[in-house]
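> I'd like to ask you about the structure that follows.
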Amino acid sequence: MKPQSTKLRDIKRRAARALKPLSNTCPSSRLVYSMALGLSRGEQLEIDFDPRLCAGAMLTVLEDLWKARARLAEIDRENAKVWWLVL
């Protein structure tokens, strides 16, 4: 099993790659990303924003993530149906 620091470094690297191109992002996801980077360095979150704004950004990103996962699952089911029709 990887040490926690190695896992965190791997996650940060994957997130940085996924961030490019910036057209794949939104202001909420970039705010959550910057908060996560600070926390990963052990920094206290000294938020210059209203905490409710940060909470809204996190919830927006989660909503988008969960909708995307649901859509991918739906596409997988549709593809499975098509596969059986081809056979």
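Numbering (the UniProt record's numbering), first residue to last: 1 to 87. By construction, the Cβ of each residue, glycine as well, lies at the ideal position given by its N, Cα and C atoms.
#1: Taking C-alpha atoms, which residue in 23, 22, 15 and 20 lies nearest to residue 35?
#2: With burial defined as no fewer than 16 other Cβ atoms inside 10 Å of the residue's Cβ, what is the status of residue 5: buried or exposed?
#3: Starting from the C-beta of residue 38, find all residues in its chain whose C-beta is less than 7 angstroms away, skip the five residues before and the five after it, and write them out in chain order.
#4: Looking only at its own chain, which residues have a Cβ that is under 6 angstroms from the Cβ of residue 31, when we skip the five neighbours before and after it?
#5: Go to residue 11, then tell me how far its alpha helix (DSSP H) extends in each direction, as first and last residue.
#6: What are the boundary residues of the alpha helix (DSSP H) that residue 38 is part of?
#7: How many angstroms separate the CA atom of residue 49 from the CA atom of residue 55?
#8: With distances taken from CA atoms, which of 20, 75, 76 and 26 is nearest residue 63?
#9: Below 8 angstroms on the Cβ atoms is my contact criterion, and I expect residue 60 with residue 28 to pass it. Report the Cβ-Cβ distance as a whole number of Å.
With the structure as the only source:
#1: 15
#2: exposed
#3: 45
#4: 57
#5: 4 to 19
#6: 27 to 40
#7: 10 angstroms
#8: 26
#9: 4 angstroms
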